[in-house]
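Read through the structure below, which is laid out as structure tokens, and then see the notes.
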Amino acid sequence: MRSHLLNDTTAEQYRRSVTDGVERVAAKLAATDRPFTGITVDALAPRIDGIDLDQPLHDTGAVLDELEDVYLRDAIYFHHPRYLAHLNCPVVIPAVLGEAVLSAVNSSLDTWDQSAGGTLIERKLIDWTTERIGLGPAADGVFTSGGTQSNLQALLLAREEAKSDSLADLRIFASEVSHFSVKKSAKLLGLGQDAVVSIPVDHDKRMQTVALARELERCKEAGLVPMAVVATAGTTDFGSIDPLPEIAELCEQFGTWMHVDAAYGCGLLASLKHRDRINGIERADSVTVDYHKSFFQPVSSSAVLVRDAATLRHATYHAEYLNPRRMVEERIPNQVDKSLQTTRRFDALKLWMTLRTMGADGIGQLFDEVCELAREGWKLIAADPRFDVVVQPSLSTLVFRYIPAAVTDPAEIDRANLYARKALFASGDAIVAGTKVGGRHYLKFTLLNPETQASDIAAVLDLIAGHAEQYLGESLDRAS
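Written as structure tokens, this is what we have:
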């Protein structure tokens, strides 16, 4: 069994095995003509259930053959231009190369004596990102597993900085379309979901600052503590960006921690055209970024950034076997001192490889392309009498709804849209997401692939309309 360990004696075997795997994936990518095969759970589950994990195949070639049957054939491929559903981006090749390197070397970024240069590369990328945001010379941060963890850590720091004797008195303010992780974080931090005050949004799905000011004032008058305001730079459903400068003013006025969830909108940090859309982010106390959304990185690659490095002490725990206090005095850089995680992948390497190969402008150009595509898509949908589109895009998301000419029952229109989404997914021809607006079912395009064209959007709209019309025709037949 030692022959499977990666070391100096198995380097050639490693080369052959990985090359075989890469060639198979490359062949699959080249041959993929739709984002999904349409396979059902009932059809796929028996294949996987039938595998006896206690009976190994002993050969990576045979394992890859099996993997073709249980995974690669039916995987959902985000690189396809008609994958239009969630915040999943196609990935850039330098980052995939970085993934291969970091997996083989297997550095753990918790302590210097497990990562050495990896620690410094991560710190350099944190500095690069805080400079792009404009957080100032005292800023710092750490890579995380994703936006949910980044938001959790930011709100942990805000809770500790609030210095309240009673958790029950703490309040978090976020827009009604903010990410669910805000409420989830409140629960994990012992505050409860009721601690999150939902602020209404305007027509463009941006937080109403007049309503925020009113709720902050009510909080103070009730003797409660406004722990944090979570502003969103790119909501999951709409891509909307809250008015950051005005929110920053209110946070300063009320002495409240300002967190900006820019998990989606962080691509604007590299934008060549639209950086001004997130002006005000530089006034935040903490910021979430997801490079694996709008920097075209493989999952996972995220970070939480803070204006004042000293606030990261709230996540610090010194263990004698790992990062004893004396290491701080010896100026040994242990990233575990800043992180909620202990063992942690060297995910920063993917972004490093990307920046050193493409540069920030290369990333920004790709993100600008999908923002422009969304604008073209909005024009298409707005001009199409079959559809109702909710808001003009601030980033690259379009939320819309099929509206049949001869049907007025909102519930029946809901069912037609739900059916169209499911039927489209089952066909594998395209994948779109769904959400609710005002209690009604809507569909959603999340455009993160520069290879997607306006013609793809038009074709998928036709497919949606066709499926919805089929459902309504069958519904009328059943009713008659």
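Residues in the sequence shown are numbered from 12 upward in steps of one, following the working numbering.
Note that the Cβ used here is the ideal one computed from N, Cα and C, for glycine as well.
Other residues of its chain near residue i: CB distance less than 6 Å, five sequence neighbours each side excluded
i	result
residue 10	Outside the displayed span of the chain (12 to 491) sits residue 10, for which this structure offers no information.
residue 460	92, 101
residue 149	319, 320
residue 224	261
residue 479	413, 427, 431
residue 90	101
residue 404	250, 385, 389
residue 157	311, 313
residue 38	none
residue 255	242, 291, 292
residue 145	293
DSSP state of residue i mapped onto helix, strand, coil
i	result
residue 406	coil
residue 92	coil
residue 305	helix
residue 357	coil
residue 15	helix
residue 21	coil
residue 28	helix
residue 71	helix
residue 453	strand
residue 77	helix
residue 185	strand
residue 484	helix
residue 412	strand
residue 322	helix
residue 55	helix
residue 87	coil
residue 36	helix
residue 284	coil
residue 349	coil
residue 491	Its pLDDT being 49, under 50, residue 491 is placed unreliably by the model, and nothing is read from it.
residue 418	coil
residue 444	strand
residue 311	coil
residue 316	strand
Member of the options whose CA lies at the smallest distance from the CA of residue i
i	options	result
residue 11	430, 208, 462, 456	Lying outside 12 to 491, the shown extent of the chain, residue 11 is not represented and no answer is given.
residue 293	394, 244, 333	244
residue 187	145, 217, 158, 380	217
residue 135	426, 372, 360	360
residue 164	220, 271, 64, 227	271
residue 193	176, 79, 242	242
residue 32	276, 269, 77, 357	77
residue 69	88, 15, 97	15
residue 476	179, 369, 220, 433	433
residue 465	435, 387, 87, 377	387
residue 162	147, 176, 177, 189	189
residue 468	94, 277, 312	94
residue 484	424, 454, 444	424
residue 306	82, 98, 66, 12	98
residue 84	409, 41, 462	41
residue 258	214, 231, 227	227
residue 415	447, 481, 377	481
residue 454	185, 471, 463, 153	471
residue 265	231, 274, 287	231
residue 253	55, 74, 213, 268	213
Contact set for residue i: own chain, Cβ-Cβ below 7 Å, skip 5 residues either direction
i	result
residue 222	210, 211
residue 206	181, 182, 183, 197
residue 382	285, 406, 407
residue 379	282, 283, 284, 285
residue 309	102, 106, 107, 110, 303, 361
residue 19	none
residue 96	442, 443, 444, 457
residue 338	345
residue 474	435, 440, 441
Cβ neighbours of residue i in the same chain (closer than 8 Å, five flanking residues each side left out)
i	result
residue 17	25, 115
residue 121	333, 334, 345, 346, 347, 350, 352, 353, 354, 355
residue 28	71
residue 235	180, 181, 182
As an exercise, report each continuous alpha helix (DSSP H) stretch of at least 4 residues that is fully enclosed by the segment 362-403, in chain order.
370-393
Beta strand (DSSP E) runs wholly inside the segment 206-279, at least 3 long, in chain order
207-210, 236-243, 268-273
Completely contained beta strand (DSSP E) runs for the segment 99-178, where each covers 3 or more residues:
151-155
Validate contact between the segment 411-421 and the segment 351-366 using beta carbons, cut 8 Å, 3 pairs
no
Within 8 Å, do at least three Cβ pairs link the segment 241-261 to the segment 336-346?
No, they do not touch.
Check whether the segment 164-174 touches the segment 325-333, taking contact to mean three or more Cβ pairs, one atom from each stretch, closer than 8 Å.
yes
Decide if the segment 119-133 is in contact with the segment 393-408; the criterion is three or more beta carbon pairs, one per stretch, under 8 Å apart.
no
At least 3 beta-carbon pairs within less than 8 Å: the segment 42-62 vs the segment 15-34
no
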